[in-house]
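Report on the structure given below.
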Amino acid sequence: MSVGAIIGIIIGAVILLIFFFSFFPVGLAISAGASGVHVGLFQLVGMRIRKVNPHRIVEPLIKATKAGLDLNLNKMEAHYLAGG
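Read in order, the letters of the sequence shown are residues 1 to 84 in my numbering.
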């Protein structure tokens with residue numbers, strides 16, 4: 001393999017990682033899991049596709065769960081999409 005091919009592969013891998021971490025909010029999923037809120041990566045991606053900011057849903061859900069409230073992620077997202 002030539003040096004140019006190796007550099008091209010490295011640049012491609014870096015671009016792929018940047019795209020992955022910008023589209024999949026991995027840090028948010030980890031903090032939700034550590035707080036006891038069950039949120040999957042595909043649910044977070046679905047929020048991005050529906051043009052919902054996952055931070056605006058998951059962070060209040062974490063606070064509500066820590067306060068002892070039993071809330072559902074889908075209901076929170078539906079409430080957000082309804083303009084609430």
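Ideal Cβ placement from N, Cα and C applies to all residues, glycine included. Just so you know, these numbers come straight off a predicted model, no measurement behind them.
{"Check": "What residue range is occupied by the uninterrupted alpha helix (DSSP H) comprising M1?", "Outcome": "Neither: M1 is in no alpha helix (DSSP H) and is coded neither H nor E."}
{"Check": "For the region 35-44 against the region 6-13, do three or more pairs of beta-carbon atoms, one drawn from each stretch, fall closer than 8 Å, so that the two count as touching?", "Outcome": "no"}
{"Check": "Taking I30 as the reference, which of V58, T65 and R48 has the closest Cα?", "Outcome": "V58"}
{"Check": "Work out the CA separation of I15 and I6 for me, nearest whole Å.", "Outcome": "14 Å"}
{"Check": "So, helix, strand or coil for A13, using DSSP?", "Outcome": "helix"}
{"Check": "Which residue from L41, G4 and V3 puts its Cα closest to that of F21?", "Outcome": "L41"}
{"Check": "Tell me whether G12, by its Cβ, gets closer than 7 Å to a heavy atom of the ligand NAP.", "Outcome": "The ligand NAP is not part of the structure shown, which contains no ligands of any sort."}
{"Check": "To the nearest whole angstrom, what separates the beta carbons of Y80 and V52, a pair I think is in contact under 8 Å?", "Outcome": "6 Å"}
{"Check": "Less than 8 Å between the CB atoms is what I'm expecting for M76 and L61, so what's the real figure, rounded?", "Outcome": "6 Å"}
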